[in-house]
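Engineer: Numbering (our numbering), first residue to last: 325 to 520.
1. Along the beta strand (DSSP E) that carries residue 471, what are the first and last residues, could you check?
2. Quick one: what's got a C-beta closer than 8 Å to residue 449's C-beta in the same chain, skipping five residues either side?
3. With distances taken from CA atoms, which of 344, 337, 331, 338 is nearest residue 457?
4. If you draw a straight line from the alpha carbon of residue 367 to that of residue 330, how long is it in whole angstroms?
5. Consult DSSP for residue 351 and reduce its assignment to one of helix, strand or coil.
6. Checking the sheet assignment: what are the DSSP bridge partners for residue 454?
7. Where does residue 483 sit, in a helix, a strand or coil, going by DSSP?
8. Nearest by alpha-carbon distance to residue 486: which of 497, 493, 471 is it?
9. Compute the distance between the beta-carbons of residue 394 and residue 352, then report whether it is under 9 Å.
10. For residue 489, count neighbouring Cβ atoms within 10 angstroms of its own Cβ and tell me buried if that reaches 16, exposed if not.
11. Return helix, strand or coil for residue 513, following the three-state DSSP convention.
12. Please report the distance separating the alpha-carbon of residue 383 from that of residue 372.
13. Note the first and the last residue of the continuous alpha helix (DSSP H) segment covering residue 415.
14. Quick check on DSSP: helix, strand or coil for residue 368?
15. Pull up the distance between the alpha-carbon of residue 434 and that of residue 427, whole angstroms please.
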């Protein structure tokens, strides 16, 4: 069975509940968050401060003891994107289909345009989530330079070549020569954002 755990089983269960509740609320607990919370719990349970902080080894054993948890790399999303839920998206598309059917618009006249940015300075961080979580996101807390790609496609499948928006005020000849996508365009904006 092995030695007793440093925290009682019910305290560890409370820690698991806190991790999963944080995930449900849109927050993601990092390893350090779990270690800090465990240290606080130790002080409450034993009525004295732990002489040394909990270690990464304790963290790994904690994750192994609780099969409902796993460590995953979280993708960075802005706060508005992190707040989107399935019900909002489904309602939007139901309203869109209804509006399009009322006016009889041909699929070749319906376009979807989206943009996505790539930040060379952003890195994914590891967080603790429920084992069944497939995609894990964490809120972006800072702005930095990035490249934006604008893509557009019609409902009948016609694809408009992409637009790349680079930060700065001009595009070098080298960048243009390295662009290998037929018909693609490159432009700039001060920080690489779309300015509609």
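Using N, Cα and C, we set each Cβ at its ideal position, and we do this for glycine too. The structure presented is a predicted model; accordingly, all values stated were derived computationally and were not measured.
Structural biologist: This is what the structure gives:
1. 471–478
2. 354, 397, 398, 462
3. 344
4. 11 Å
5. coil
6. 393
7. strand
8. 471
9. no
10. buried
11. strand
12. 21 Å
13. 410–427
14. helix
15. 12 Å
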